[in-house]
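Residue numbers (mature numbering (1 follows the signal peptide of the UniProt record, and there is no 0)): -27 to -1, 1 to 358.
C-beta: ideal position from N, C-alpha, C; glycine also.
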């Protein structure tokens, strides 16, 4: 029996207007120059690729294309409520049924915007994931130095304890206005997290005693369907699978067209025998594959990356496909990947991402990328259609 929101809140207390747009339509509101390039290539399918449920399989999102919540939380630039709702509406119209957000994204803003749209949709028709690890408290103003533009006025603190996880889930349900959360990720336990640095291991120890067993219990009780980690580096994932039993992990910035060697050789093979699937966050490297002068979540572009992108763009153009399409389909092609979740701050971006998943890419393009050593020889690529 599916637990209700009231049940979850009770257990926690005990401590235990969008406009649907066709894909060929234009974005609502204003756009920044260079936000979207036309999707190139021959579209051969009329629906987004799905995950087919198998007996005994761990829980997976229903669609292999999801919507990531960073831009809707005003990551990189601000977007209006109207643009955010149009992006969500375009995702729904395109067939997307997996939505990922976090308290961290815009300090609660992303969750509120997702909930405003999703609460009017049938709850059993979509999958929602959010994250734990930071607790928000009201503040006169939001902290300086974050990546969020015009975020909500909240301060945050890290808490990976069992009580912290229960409170975080309760708070997220309140912001979302929904009856349940399907997937919960333990967020940002990573040495590249500037708030933590080398202290990430101390926070991990707290999660090992708190968040991991608490989320396992929530799954066993039916309060959530799955749990895992959402991180930008693999260290915490590899530690967790030795002490816990996650269902799915969100690997952000770790498996993309531009950077995939470590995940391909080490992280994904470690997860596969346990049946743990992967959600690929930042499959466009935060817009770099779509032409942005921004790589991942940093302003600095790695040395040699501009030359690599130019070489890939030339090959893609030669085969009549845009690089965004190549990047999204590459990230989704690995058999261990359950979904890719590029972000979108308006309807046009969302529509372009959806169309990219439906394009037929010539096999010769992948051959050329491998021959030029631009992608790993062992990297899985989409089957020809």
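Per DSSP, the beta bridge partners of residue 253 are 224, 313. According to DSSP, residue pairing for residue 159 in a beta bridge involves 105, 202. Note on geometry: alpha-carbon atoms of residue 189 and residue 279 lie some 43 Å from one another. Under the criterion of beta carbons closer than 8 Å, residue 294 and residue 305 do not qualify as touching, at roughly 15 Å.
Secondary structure at residue 130: strand, using DSSP grouped into helix, strand and coil.
A direct Cα-to-Cα measurement between residue 228 and residue 29 gives close to 26 Å. Looking from the CA of residue 291, the closest CA among 267, 334, 309 belongs to 334.
Closest in C-alpha terms to residue 162, from the list 104, 271, 85, comes 104. Here the stretch 244 to 254 makes contact with the stretch 209 to 227; the two share three or more CB pairs at distances below 8 Å. Per DSSP, residue 176 is not a residue of any beta strand (DSSP E); the alpha helix (DSSP H) it occupies stretches across 173 to 182. Here residue 271 carries a strand assignment [DSSP, helix/strand/coil]. With respect to residue 67, residue 38 sits close: the two C-beta atoms are nearer than 9 Å.
Residue 77 carries a coil assignment under DSSP once its states are collapsed to helix, strand and coil. Here the stretch 154 to 172 makes contact with the stretch 91 to 111; the two share three or more CB pairs at distances below 8 Å.
Residue environment for residue 45: buried (at least 16 other C-beta atoms within 10 angstroms of its C-beta).
With a 10 Å radius around the Cβ and a threshold of 16 neighbouring Cβ atoms, residue 136 comes out exposed.
For residue 329, the uninterrupted alpha helix (DSSP H) segment begins and ends at 320 to 329.
DSSP places residue 346 outside any alpha helix (DSSP H), giving it a letter other than H or E.
Secondary structure note for residue 242: its alpha helix (DSSP H) is the uninterrupted segment 241 to 244. Minimum Cα-Cα distance from residue 117 among the listed residues 96, 139, 101, 79 corresponds to 79. Out of 233, 64, 167, 75, the CA that lies nearest to the CA of residue 203 is found in 75. As computed with DSSP, residue 121 is found in a beta bridge with 48. Counting only the Cα atoms, residue 308 lies some 15 Å from residue 224. Counting of Cβ neighbours within 10 angstroms places residue 197 among the buried residues, the total reaching 16 or more. Residue nearest to residue 347 within the set 329, 230, 302, 213 is 230 (criterion: CA-CA distance).
A direct Cα-Cα distance of roughly 16 Å separates residue 344 from residue 283. Between the alpha carbons of residue 52 and residue 318 lies a gap of roughly 6 Å. Taking the Cα positions, residue 339 is about 15 Å away from residue 281.
Checking the DSSP bridge columns, you'll see residue 38 partnered with 313. The residue from 114, 350, 301 with its alpha-carbon nearest to that of residue 226 is 301. Going by C-alpha positions, residue 119 is about 24 Å away from residue 201. Here the alpha carbon of residue 86 sits roughly 36 Å from the alpha carbon of residue 356.
Nearest to residue 323 by C-alpha distance, out of 270, 354, 59, is 59.
Scanning its chain for C-beta atoms nearer than 6 Å, with the 5 sequence neighbours on each side dropped, one finds around residue 57 the residues 45, 86, in chain order. When the five nearest sequence neighbours on each side are left out, the beta carbons in the same chain lying within less than 6 Å of the beta carbon of residue 299 are those of 289, in order along the chain. With fewer than 16 other Cβ atoms from the protein chains shown falling within 10 Å of its own Cβ, residue 170 counts as exposed.
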